[in-house]
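Visitor: Chains A and B are the protein sequences, given in the same order.
Numbered according to the working numbering, the first sequence terminates at residue 793, and the numbering increases by one at each position without gaps.
Numbered according to the working numbering, the second sequence terminates at residue 435, and the numbering increases by one at each position without gaps.
Glycine included, C-beta positions come from ideal geometry on N, C-alpha and C.
Note that the structure is a prediction, hence the values are computed from the model and not measured.
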Amino acid sequence: MQSTSPDHSPKAEPIVRIRDLVFRRGRRTILDGVSLDIPRGSIVAFMGPSGVGKTTILKLISGQLTPQSGSIEVNGRDVSKLTRNELRRFRRDIGVLLQDGALFTDLTVFENIATPIREHSKLPEPLIRRLVMSKLSAVGLGGIEDRMPHELSGGMARRVAFARAVVLDPCLMLYDEPTTGLDPIAVSTVQTLMRETNNVLGLTSIVVTHNVAQVRKLADYCFILSEARIAGQGTPDELRASDDPGVDQFMHGKVEGPIPFHYRSPDAPWSLLD
Amino acid sequence: MDAPRRLAEKFTEPALEAGQALWFLFRMLAGLRFTPSQILSVLQQVYLVGARSLVIIMICGFFVGMVLSLQAINALEQFGASEQVSLLVGKSLFRELGPVLTALLFAGRAGTAITAEIGLMKATNQIEAMELMAIDPVQRVALPRFAAGVISVPLLTALFNAMAILGSVVFSIGVMDLDAGIYWSKLQTGVYFARDLMQGVWKSFVFGGTISLIAVYFGYSSRPTGAGVGTATTNTVVLSSVLILVFDFIMTSFLT
Chain A
520 MQSTSPDHSP KAEPIVRIRD LVFRRGRRTI LDGVSLDIPR GSIVAFMGPS
570 GVGKTTILKL ISGQLTPQSG SIEVNGRDVS KLTRNELRRF RRDIGVLLQD
620 GALFTDLTVF ENIATPIREH SKLPEPLIRR LVMSKLSAVG LGGIEDRMPH
670 ELSGGMARRV AFARAVVLDP CLMLYDEPTT GLDPIAVSTV QTLMRETNNV
720 LGLTSIVVTH NVAQVRKLAD YCFILSEARI AGQGTPDELR ASDDPGVDQF
770 MHGKVEGPIP FHYRSPDAPW SLLD
Chain B
180 MDAPRRLAEK FTEPALEAGQ ALWFLFRMLA GLRFTPSQIL SVLQQVYLVG
230 ARSLVIIMIC GFFVGMVLSL QAINALEQFG ASEQVSLLVG KSLFRELGPV
280 LTALLFAGRA GTAITAEIGL MKATNQIEAM ELMAIDPVQR VALPRFAAGV
330 ISVPLLTALF NAMAILGSVV FSIGVMDLDA GIYWSKLQTG VYFARDLMQG
380 VWKSFVFGGT ISLIAVYFGY SSRPTGAGVG TATTNTVVLS SVLILVFDFI
430 MTSFLT
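Shown next, in the form of structure tokens:
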């Protein structure tokens with residue numbers, strides 16, 4: 520398979536451009552002045568300890584959350600300034616694979632995949648059927664279209680959710696912990712699907728994960744988040760070789776290091792001792 | 180410093196919640212299009228929330244009719260007026276007991292199911308997935324369930340009333356051996372269509388709307404955890420039951 524190599528040259532317009540992003544939840548600052556570019560055609564990973572704001576970045580990019588300040592441009596348009604209708608149109612062009620797939624439990628596999636098509640087009644039924652069946656066989660699950668989501672294994676459900684996410688041929692795919700809780704074979708299957716889809720369809724993919732091994736196999740470039748900022752960035756190999764203490768601690772799973780074990784609550788009594 | 184604010188919040192919070200629920204109702208109604216797919220999903224929900232409540236409504240209706248007749252005959256016998264039983268049963272049933280008891284049963288049977296279902300859809304990220312696909316979950320999930328409740332409750336009330344009259348007939352005529360001709364003629368001449376029967380019909384529409392709005396709103400606004408969904412389900416039953424009885428009094432005082 521011919522791979523579409525990501526364009527890292529500074530001249531190429533990035534698909535996502537984030538500048539001075541600040542996001543707070545209550546008194547807690549989740550992201551503090553984050554700036555980054557995501558080049559077109561690449562698979563970019565966001566890594567970091569749990570609760571550091573990885574999923575928040577995905578939600579900010581997809582317009583589910585609005586930042587307190589800063590800008591997030593996708594294809595040159597500031598997501599936080601889109602009107603309701605513009606946001607609707609924008610979301611047709613992005614595909615999202617959520618942590619557990621989030622299949623609609625009251626619909627069959629076929630109807631799950633057909634839902635975005637029915638909602639956003641007036642295609643005739645035979646064409647919808649062909650589209651759904653082709654996506655379903657692309658994820659290697661032809662013949663299960665009449666099953667209900669509760670009849671599927673975790674890996675199958677994730678692949679059906681994948682087929683649903685790409686059914687409208689998005690230009691940007693967002694993955695939130697796409698392989699969490701899957702067996703090793705299912706993990707490899709989903710990873711292969713992600714890589715192949717990215718290359719064949721020329722998408723850009725953003726993956727949120729804390730699986731270091733997965734990032735090494737899958738990502739072209741990654742960002743490590745820690746304490747509301749980007750602690751490190753680079754290709755997976757560069758990050759592994761990095762001598763930055765925070766990056767080194769995360770990439771090698773060390774307990775000791777600048778990333779704290781204790782959660783620092785602003786209300787905690789020990790803050791009085793500082 | 181905090182105490183007065185917390186006290187004020189105790190009063191403002193329910194008002195805020197009520198406002199949000201009404202805004203939610205507005206959002207649902209703004210999406211009414213009567214397209215074939217919308218009608219189909221409403222009919223599906225009528226089956227799921229309405230038709231599946233049939234058995235409980237029929238059994239309860241039958242026994243309520245029997246117990247009403249038993250109590251009425253006991254009381255009326257003292258004045259030698261047992262043959263008036265159908266009048267008493269008919270009026271109390273069509274005006275009050277039919278719509279109120281059906282609504283209470285519906286809140287327990289279907290209202291809780293709606294809240295739990297929507298709450299679980301939220302907890303399993305299905306609602307979020309819809310938003311990300313640019314599908315409005317208020318239109319897709321809440322509206323069909325709300326509409327189904329508004330349609331189902333009056334129909335279930337009619338069935339409850341019919342079964343209660345049947346129970347009353349079985350007890351009064353079959354067991355107590357009252358005259359069937361007098362029973363039916365009293366019911367026909369003493370119970371009025373507009374004043375008695377329709378009063379119950381209007382009430383059942385309002386009750387259906389109230390329960391369904393509470394059920395979909397609480398489900399939609401529940402915290403996406405096991406405990407959150409549990410609390411929302413309990414709140415649906417409690418608030419629905421209270422509001423049914425409050426609205427019943429308000430409507431009765433205007434309609435009588």
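Is the Cβ-Cβ distance between Phe171(B) and Val332(B) less than 8 Å?
Guide: This structure does not reach residue 171(B), given that chain B is present from 180 up to 435, and the question cannot be answered.
Visitor: Listing by chain order, which chain B residues have their CB less than 7 Å from the CB of Val658(A)?
Guide: Those within 7 Å of Val658(A) in chain B number zero; the least Cβ separation is about 17 Å.
Visitor: Per DSSP, what are the beta-bridge partners of Met692(A) in this structure?
Guide: Partner(s): Gly614(A), Ser724(A).
Visitor: Counting only beta-carbon separations shorter than 8 Å, does Leu311(B) have a partner in chain A?
Guide: Yes, its Cβ sits closer than 8 Å to a Cβ of chain A.
Visitor: Using the beta-carbon count (16 or more within 10 Å), is Ser561(A) buried or exposed?
Guide: Classification of Ser561(A): buried, given that the 10 Å Cβ count is 16 or more.
Visitor: Should the segment 628-640 of chain A be called in touch with the segment 665-681 of chain A, which here means at least 3 C-beta pairs below 8 Å?
Guide: Touching, per the Cβ criterion.
Visitor: Three or more beta-carbon pairs under 8 Å between the segment 333-343 of chain B and the segment 310-322 of chain B, yes or no?
Guide: Cβ pair count under 8 Å is below three, so no.
Visitor: To the nearest angstrom, how far is it from the Cα of Glu535(A) to the Cα of Pro643(A)?
Guide: The amino acid at residue 535(A) is misidentified as Glu; the sequence shows Val. Roughly 34 Å between the two C-alpha positions.
Visitor: Identify the continuous beta strand (DSSP E) that holds Asp551(A) and give its terminal residues.
Guide: Residues 547-557.
Visitor: Could you please give the first and the last residue of the uninterrupted alpha helix (DSSP H) stretch that includes Ser761(A)?
Guide: That residue, Ser761(A), is in no alpha helix (DSSP H); it is neither H nor E in DSSP.
Visitor: Does DSSP classify Glu592(A) as helix, strand or coil?
Guide: In the structure shown, Glu592(A) sits in a strand (DSSP, three-state: E or B).
Visitor: Applying the criterion that 16 or more other CB atoms from any shown protein chain within 10 Å of the CB defines a buried residue, is Ile429(B) buried or exposed?
Guide: Exposed, by the Cβ-count rule.
Visitor: Determine the direct distance from the alpha carbon of Ile704(A) to that of Glu675(A), and round the result to whole angstroms.
Guide: Checking the sequence, you will find Met at residue 675(A) rather than Glu. For Met675(A) and Ile704(A), the distance between alpha carbons rounds to 11 Å.
Visitor: Just the Cα atoms here: how many angstroms apart are Gly614(A) and Ser656(A)?
Guide: Their Cα atoms are separated by approximately 18 Å.
Visitor: Show which residues of chain B have a CB atom less than 7 Å away from the CB atom of Ser581(A).
Guide: Neighbours of Ser581(A) on chain B, chain order: Leu311.
Visitor: Under 8 Å, Cβ to Cβ, is there at least one residue of chain B near Thr585(A)?
Guide: Chain B contact via Cβ: absent.
Visitor: Find the residues of chain A that neighbour Thr294(B), judging by a C-beta separation of less than 9 Å, and give them in chain order.
Guide: What Thr294(B) touches in chain A: nothing, since even the nearest Cβ is about 15 Å away.
Visitor: Val380(B) bridges to which residues according to DSSP?
Guide: DSSP lists no partner for Val380(B).
Visitor: Name the residues in the segment 632-658 of chain A whose C-beta lies less than 8 Å from a C-beta of chain B; which are they?
Guide: Listed by position along the chain: Thr634, Pro635, Arg637, Glu638, His639.
Visitor: On the DSSP bridge list, what partners appear for Cys741(A)?
Guide: Paired residues: Ala564(A), Gly753(A).
Visitor: Quick one: which chain A residues come within Cβ less than 8 Å of Glu307(B)?
Guide: In chain order: Gln583, Leu617, Ala621.
Visitor: How far does the alpha helix (DSSP H) with Asp427(B) in it reach, from first residue to last?
Guide: Per DSSP, Asp427(B) belongs to the alpha helix (DSSP H) from 405-434.
Visitor: List, in order along the chain, the chain B residues whose C-beta lies closer than 7 Å to that of Arg559(A)?
Guide: Here the premise fails: no neighbours, minimum Cβ distance about 21 Å.
Visitor: Give me the chain A residues within the contact set of Ile252(B), using Cβ-Cβ distance strictly less than 9 Å, ordered along the chain.
Guide: Here the premise fails: no neighbours, minimum Cβ distance about 48 Å.
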